[in-house]
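Shown next, in structure tokens, is the structure this report addresses.
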Amino acid sequence: WDGPKAKLCGMGLSKVKFTASIIFLWTTRMLSEVRSCLQLTHDIFQVPRTLPSATSTGWKAPATVAALNENNEFERLDVMIIDMPARMCLASCVTIPKLIVGIALLYGGCRWFAATESWEDLILNALALEFVIGIDELIFEAFAPLRAKQTVEKTKLVHVHPEDSVGTIRDDELVKNTLWRLVQLFLCMVWAYIYTTKLQQVIPNFPADIHTPCSGYLDAQASLLCDFMQDSAECFPYGE
Numbered sequence: 016w017d018g019p020k021a022k023l024c025g026m027g028l029s030k031v032k033f034t035a036s037i038i039f040l041w042t043t044r045m046l047s048e049v050r051s052c053l054q055l056t057h058d059i060f061q062v063p064r065t066l067p068s069a070t071s072t073g074w075k076a077p078a079t080v081a082a083l084n085e086n087n088e089f090e091r092l093d094v095m096i097i098d099m100p101a102r103m104c105l106a107s108c109v110t111i112p113k114l115i116v117g118i119a120l121l122y123g124g125c126r127w128f129a130a131t132e133s134w135e136d137l138i139l140n141a142l143a144l145e146f147v148i149g150i151d152e153l154i155f156e157a158f159a160p161l162r163a164k165q166t167v168e169k170t171k172l173v174h175v176h177p178e179d180s181v182g183t184i185r186d187d188e189l190v191k192n193t194l195w196r197l198v199q200l201f202l203c204m205v206w207a208y209i210y211t212t213k214l215q216q217v218i219p220n221f222p223a224d225i226h227t228p229c230s231g232y233l234d235a236q237a238s239l240l241c242d243f244m245q246d247s248a249e250c251f252p253y254g255e
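Count along the sequence shown from 1, then add 15; that gives the number in the working numbering.
Pasting the structure below:
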């Protein structure tokens with residue numbers, strides 16, 4: 016066949032391991048994004064709707080408390096209570112849309128990587144998708160007032176109940192969380208391989224269509240003309 020071998024064999028799917036590695040990294044990145052959304056949702060709903068002392072005495076507890084350092088300077092803003100309307104507003108306007116965007120970008124990014132026509136574009140597409148993920152933070156950093164940015168950075172969600180504190184994590188829970196993270200790592204690897212070889216619809220059954228025929232061509236293109244310590248006049252006479 017005398018067709019455009021270089022262009023056809025330059026597609027991302029012509030190198031299964033390389034494309035699967037990029038998809039694995041992208042899946043790991045989006046898993047981190049989805050996990051952060053779920054963790055934020057969990058933290059929001061773990062903050063009590065009212066303080067136990069305020070319920071028993073009838074005293075209306077403040078929603079936020081300003082914490083000062085030793086020099087009586089503002090250090091952070093502790094969110095003590097979040098009522099149900101505020102929880103639902105934060106979930107519907109912040110965490111749930113971000114979660115939906117993350118899942119959509121996970122699948123759309125994998126499909127885009129599989130359809131990439133060259134290895135160079137594969138790297139550029141990965142950088143472009145990483146830029147898309149950070150658009151919200153970029154807009155906030157560029158247009159939010161300085162005082163608002165400082166307030167957001169210093170705002171902390173306070174878990175009043177001791178069992179919600181990070182310092183109370185037991186050793187068995189730490190081992191369980193570590194094993195669960197290792198399972199997630201394995202699932203990301205499995206997803207990257209299965210999607211590249213089975214689920215992608217860019218070139219169905221592509222191992223028989225492009226991977227096998229292009230393997231020999233790519234190996235020939237990557238082979239060295241001159242062996243180690245070989246006379247260049249014998250193997251590369253074009254410079255004469």
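The C-beta atom is built at its ideal place from N, Cα and C for all residues, glycine as well.
Could you spell out the range, first to last residue, of the beta strand (DSSP E) harbouring LYS30?
No beta strand (DSSP E) contains LYS30, which DSSP labels as neither H nor E.
Spatial neighbours of LYS30 in its chain, beta-carbon cut-off 6 Å, leaving aside the 5 residues before and after
none
Contacts around ASP179, its chain only, beta-carbon distance under 7 Å, and the 5 residues preceding and following it disregarded:
Low per-residue confidence applies at ASP179: pLDDT is 45, beneath 50, and the placement is therefore not dependable, though the value from the model is reported in the following sentence. These residues qualify, in order along the chain: GLN61.
Beta-carbon proximity list for TYR1, same chain, < 7 Å, skipping 5 on both sides
Shown here, the chain extends from 16 to 255; a query on residue 1 therefore has no answer.
Using three-state DSSP, classify LEU172 as helix, strand or coil.
strand
For the candidate residues HIS57, ARG44, ILE96, whose alpha-carbon lies nearest to that of PRO63?
ILE96
Looking at the structure shown, is ASP98 part of a helix, part of a strand, or coil, going by DSSP?
coil
So is MET26 buried or exposed if we call it buried at 16+ other beta carbons inside 10 Å?
buried
If I measure Cβ to Cβ from ILE37 and keep anything under 7 Å in the same chain, skipping five residues before and after, which residues do I get?
PHE128, LEU137, ALA141
Using 10 angstroms around the beta-carbon of LEU28, count the other beta-carbons present and answer buried if the total reaches 16, otherwise exposed.
buried
If LEU172 sits next to TRP41, beta carbons under 8 Å apart, how far is it from one beta carbon to the other, in whole angstroms?
Not really, about 30 Å apart at Cβ, beyond 8 Å.
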